[in-house]
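Structure first, commentary second.
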Amino acid sequence: MSQAEVVREVVRDVPRRTSPLWTLGLLRSELFTTLRRWRTLALLAVLAAVPVLVGIAVKIETSDGSAAGGSGGEGPAFISQITNNGLFLVFTALAATLPFFLPMAVGVVAGDAIAGEANAGTLRYLLVAPAGRTRLLLTKYATVMSFCLVATLVVAVSALTVGALLFPLGELTTISGTRISFADGLVRAVLIALVVAASLIGLAALGLFVSTLTNSGIAAMATTVGLLITVQILDQIPQLHAIHPYLFSHHWLSFADLMRDPVYWDDLVKNLGLQALYAAVFGSAAWARFAGKDVTT
Amino acid sequence: MDEPSATEPDPQGAGDSVIATRALTKRYRGGQLAVDGLDLTVPAGSVFGFLGPNGSGKTTTIRMLMGLIGPTSGTAHVLGRPMPRAARAVLPHVGALIEGPALYGFLSGRDNLIRYDAADPTSDPRTRRTRVATALDRVGLAAAGGKKAKAYSLGMKQRLGLAAALLQPRRLLVLDEPTNGLDPQGMREIRALVRELASDGTTVFLSSHLLDEIEQVCTHAAVMAQGRLITQGPVADLAAGTRGRLAVTTPDTGEAARVLKEQGATDVVVTDDLVTAEPPDRDLAELNAALVTAGVRVRGFGVERPSLEDAFVALTGEGFDVAG
Numbered sequence: 024m025s026q027a028e029v030v031r032e033v034v035r036d037v038p039r040r041t042s043p044l045w046t047l048g049l050l051r052s053e054l055f056t057t058l059r060r061w062r063t064l065a066l067l068a069v070l071a072a073v074p075v076l077v078g079i080a081v082k083i084e085t086s087d088g089s090a091a092g093g094s095g096g097e098g099p100a101f102i103s104q105i106t107n108n109g110l111f112l113v114f115t116a117l118a119a120t121l122p123f124f125l126p127m128a129v130g131v132v133a134g135d136a137i138a139g140e141a142n143a144g145t146l147r148y149l150l151v152a153p154a155g156r157t158r159l160l161l162t163k164y165a166t167v168m169s170f171c172l173v174a175t176l177v178v179a180v181s182a183l184t185v186g187a188l189l190f191p192l193g194e195l196t197t198i199s200g201t202r203i204s205f206a207d208g209l210v211r212a213v214l215i216a217l218v219v220a221a222s223l224i225g226l227a228a229l230g231l232f233v234s235t236l237t238n239s240g241i242a243a244m245a246t247t248v249g250l251l252i253t254v255q256i257l258d259q260i261p262q263l264h265a266i267h268p269y270l271f272s273h274h275w276l277s278f279a280d281l282m283r284d285p286v287y288w289d290d291l292v293k294n295l296g297l298q299a300l301y302a303a304v305f306g307s308a309a310w311a312r313f314a315g316k317d318v319t320t
Numbered sequence: 003m004d005e006p007s008a009t010e011p012d013p014q015g016a017g018d019s020v021i022a023t024r025a026l027t028k029r030y031r032g033g034q035l036a037v038d039g040l041d042l043t044v045p046a047g048s049v050f051g052f053l054g055p056n057g058s059g060k061t062t063t064i065r066m067l068m069g070l071i072g073p074t075s076g077t078a079h080v081l082g083r084p085m086p087r088a089a090r091a092v093l094p095h096v097g098a099l100i101e102g103p104a105l106y107g108f109l110s111g112r113d114n115l116i117r118y119d120a121a122d123p124t125s126d127p128r129t130r131r132t133r134v135a136t137a138l139d140r141v142g143l144a145a146a147g148g149k150k151a152k153a154y155s156l157g158m159k160q161r162l163g164l165a166a167a168l169l170q171p172r173r174l175l176v177l178d179e180p181t182n183g184l185d186p187q188g189m190r191e192i193r194a195l196v197r198e199l200a201s202d203g204t205t206v207f208l209s210s211h212l213l214d215e216i217e218q219v220c221t222h223a224a225v226m227a228q229g230r231l232i233t234q235g236p237v238a239d240l241a242a243g244t245r246g247r248l249a250v251t252t253p254d255t256g257e258a259a260r261v262l263k264e265q266g267a268t269d270v271v272v273t274d275d276l277v278t279a280e281p282p283d284r285d286l287a288e289l290n291a292a293l294v295t296a297g298v299r300v301r302g303f304g305v306e307r308p309s310l311e312d313a314f315v316a317l318t319g320e321g322f323d324v325a326g
């Protein structure tokens, strides 16, 4: 038997076992790597700072006994309720960060996902490891979605902590005017955080697709955040109302409907459906692009 | 290999070869032909030197072999399986260093290796730390494993890249310029490592622009220029393809040149006290006798052994100028 035949025997007949938990191992490595980047940590720090700033501002403004947002100015949703109940700071902080800070953070992480690795050259080593293109892309998507959740939870937990420290907690009044217990309020806060995180899935898929188009992480991040801003502006132009229902950010603030009693589901369902549509369309596009792409960096 | 039969899934997997390409061609979208009809055969167990000026298509070839880019036409088989189709089965047996190392600067050297190992579906997470430590030790980075990779020198990065290729026992190592950025001591260590791996039966595919390096460690070599394969074969044969020149050291250069021409030598060149020429096809002892008979005072007489560099220059017709 020649040496080459020995080689071929080994490859063909004794394939190295693939651990069934391998994909989880790759996901863990991916999460660890993403969360160790100083850029990710800086984004999370900014997100954690927003509720602190809002909480302190409200505290100072109302220290003379006046109502927050009462002096004619319009603040984010729920801001006037914070002084009565610290839990409202969670809703206010999410309403304040959802239009820009949260999606910007997701856009940065999603845009960097593939393009950043290509830029650093690490993509070629992951692929010859071999991570497998489809699995790598799925792992990247799972990581970006995990980041959506982590980022939202950072805002929510920071807001809950600040709210509890600066303001009283207790029963709360829903938008519909009914009273619900603090425990019920907490459950709704968790639900709202999950819905907010899910609202970012469409943008995450879009960012991941953009990320497969270029070898520059910066370009992919800038493009994704640019698209976010463009969509937000388009959503503000009344003459374009025909396309509004298809913009991924159009139903974002529907999470407030979870604070109605009974909950008003229409817009919430529309929002989640739209996010699923974006995820399917741009997820497929990202796969089609990445599966056959020449990796030249 | 036996006769191709129905049970043989790829008859093109060709004989005793670890790498076999047939008419492998890559044309980039801009229309530039990077690799043109490449028929490359790397025998099992060889240390195979892959030579060529910059821009000759070496890296494009390596990327096609590793499934990173798809060929425009032609086929490539690695370990007897088609690439890029069988990448998942083949690549766990292949360690690669392609166009220098690429690292996560914010992770330690050790964490970089752990990340690359986690990307390999066949690697056992239970032995990961041990294998990473062994690989670090093997390339002399055991003490620096905890340092952030961005603090590494170029040579250390190169070593870490090599360590990543050595995380598992491999059938084939593809090393693109492995001694780039290393000091002479480091180069010696890497050469020793390559020899050691080769003696364990690992086939090593080594691209380098250092010809003496290829000559020192390689058993076989191939030369590329402008996307085409110019030659391939055992290193000794390649060098032998270029005939050595006869060199006579003498104070009587004029007379020596006349006698050599008379004896059938061609292309006689005189420089200072040295006469060189293409030797005729006969016993060189007779030439020496003729020189002495003619009263030429001979200080030195011999044939300069042709180096791989001579062979390379003869084949590519140039040094290392970038092909346009």
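Those protein sequences? They're chains G and A, same order as listed. In this text, residue positions in the first sequence follow the working numbering: the first is 24, and each later residue adds one. In this text, residue positions in the second sequence follow the working numbering: the first is 3, and each later residue adds one. We treat Cβ as the ideally placed atom computed from N, Cα and C, and that holds for glycine. Source: prediction; values computed, not measured.
Burial state of residue i (16 or more Cβ within 10 Å)
| i | result |
| --- | --- |
| residue 21 (chain A) | buried |
| residue 95 (chain G) | Reliability fails at residue 95 (chain G), whose pLDDT of 46 lies under 50, so the model's placement of it is uncertain and the value that follows must be treated cautiously. So residue 95 (chain G) counts as exposed. |
| residue 93 (chain G) | Low local confidence applies: a pLDDT of 47 at residue 93 (chain G) is under 50, so the model's placement there is unreliable, with the coordinate-based value given in what follows. Per the 10 Å Cβ criterion, exposed. |
| residue 163 (chain G) | buried |
| residue 83 (chain A) | buried |
| residue 56 (chain A) | exposed |
| residue 288 (chain G) | exposed |
| residue 23 (chain A) | buried |
| residue 60 (chain A) | buried |
| residue 195 (chain G) | buried |
| residue 314 (chain A) | buried |
| residue 275 (chain G) | buried |
| residue 45 (chain G) | buried |
| residue 205 (chain G) | exposed |
| residue 53 (chain G) | buried |
| residue 273 (chain G) | buried |
| residue 138 (chain G) | buried |
| residue 292 (chain G) | exposed |
| residue 262 (chain G) | exposed |
From the options, residue whose alpha carbon lies closest to that of residue i
| i | options | result |
| --- | --- | --- |
| residue 228 (chain G) | G:256, G:265 and G:298 | G:298 |
| residue 315 (chain G) | A:45, A:29 and A:71 | A:71 |
| residue 177 (chain A) | A:19, A:49 and A:42 | A:49 |
| residue 80 (chain G) | G:225, G:242 and G:185 | G:185 |
| residue 221 (chain A) | A:25, A:45 and A:27 | A:45 |
| residue 205 (chain A) | A:211, A:219 and A:214 | A:219 |
| residue 156 (chain G) | G:106, G:49 and G:266 | G:49 |
| residue 171 (chain A) | A:253, A:261, A:114 and A:98 | A:98 |
| residue 302 (chain A) | A:212, A:64 and A:275 | A:275 |
| residue 166 (chain G) | G:108, G:78, G:278 and G:51 | G:51 |
Short Cβ contact (8 Å threshold) for residue i with residue j
| i | j | result |
| --- | --- | --- |
| residue 270 (chain A) | residue 263 (chain A) | yes |
| residue 146 (chain G) | residue 318 (chain G) | yes |
| residue 231 (chain G) | residue 309 (chain G) | yes |
| residue 218 (chain G) | residue 171 (chain G) | no |
| residue 223 (chain G) | residue 126 (chain G) | yes |
| residue 239 (chain G) | residue 142 (chain G) | yes |
| residue 133 (chain A) | residue 169 (chain A) | yes |
| residue 107 (chain A) | residue 150 (chain A) | yes |
| residue 250 (chain A) | residue 225 (chain A) | no |
| residue 184 (chain A) | residue 142 (chain A) | no |
| residue 233 (chain A) | residue 317 (chain A) | yes |
| residue 54 (chain A) | residue 223 (chain A) | no |
| residue 243 (chain G) | residue 144 (chain G) | no |
Residues in the stretch 71-96 of chain A with C-beta within 8 Å of chain G's C-beta atoms, listed in sequence order?
-> 71, 72, 81, 82, 83, 89, 90, 91, 92, 93, 94, 95 and 96
Name the residues in the stretch 164-192 of chain G whose C-beta lies less than 7 Å from a C-beta of chain A; which are they?
-> none
Could you pull out every unbroken alpha helix (DSSP H) segment of at least 4 residues lying fully inside the stretch 220-256 of chain A, listed in chain order?
-> 237-243
For the stretch 160-177 of chain A, which residues have a CB atom closer than 7 Å to at least one CB atom of chain G, in sequence order?
-> 166 and 173
What residues in the stretch 73-87 of chain G bring their beta carbon closer than 7 Å to a beta carbon of chain A?
-> none
Scan the stretch 103-152 of chain G and note each continuous alpha helix (DSSP H) run of 4 residues or more that stays entirely inside, going in chain order.
-> 111-120, 124-143 and 145-151
Fully enclosed by the stretch 171-210 of chain A, which alpha helix (DSSP H) runs are 4 residues long or longer?
-> 186-201
Pick out the complete alpha helix (DSSP H) segments inside the stretch 75-157 of chain A, 4 residues or longer, and give them in chain order.
-> 89-92, 111-120 and 130-140
At which residue ranges does the stretch 160-248 of chain G contain complete alpha helix (DSSP H) runs of 4 or more residues, listed in the order of the chain?
-> 205-222 and 224-236
Could you give the uninterrupted runs of the beta strand (DSSP E) lying entirely in the stretch 14-45 of chain A, keeping only those of 3 residues or more?
-> 19-29, 35-40 and 43-45
Relative to chain A, which residues along the stretch 227-257 of chain G have a C-beta separation below 8 Å, given in chain order?
-> none
What are the complete alpha helix (DSSP H) segments, minimum 4 residues, inside the stretch 255-297 of chain A?
-> 255-264 and 286-295
For the stretch 180-197 of chain A, which residues have a CB atom closer than 7 Å to at least one CB atom of chain G, in sequence order?
-> none
Could you run through the stretch 137-156 of chain G and flag, in chain order, every residue whose CB is less than 7 Å away from some CB of chain A?
-> 143, 144, 145, 147, 148, 149, 150, 151, 152, 153, 154 and 155
Can you list, in chain order, the residues of the stretch 19-35 of chain A whose Cβ is nearer than 7 Å to any Cβ on chain G?
-> 19 and 20
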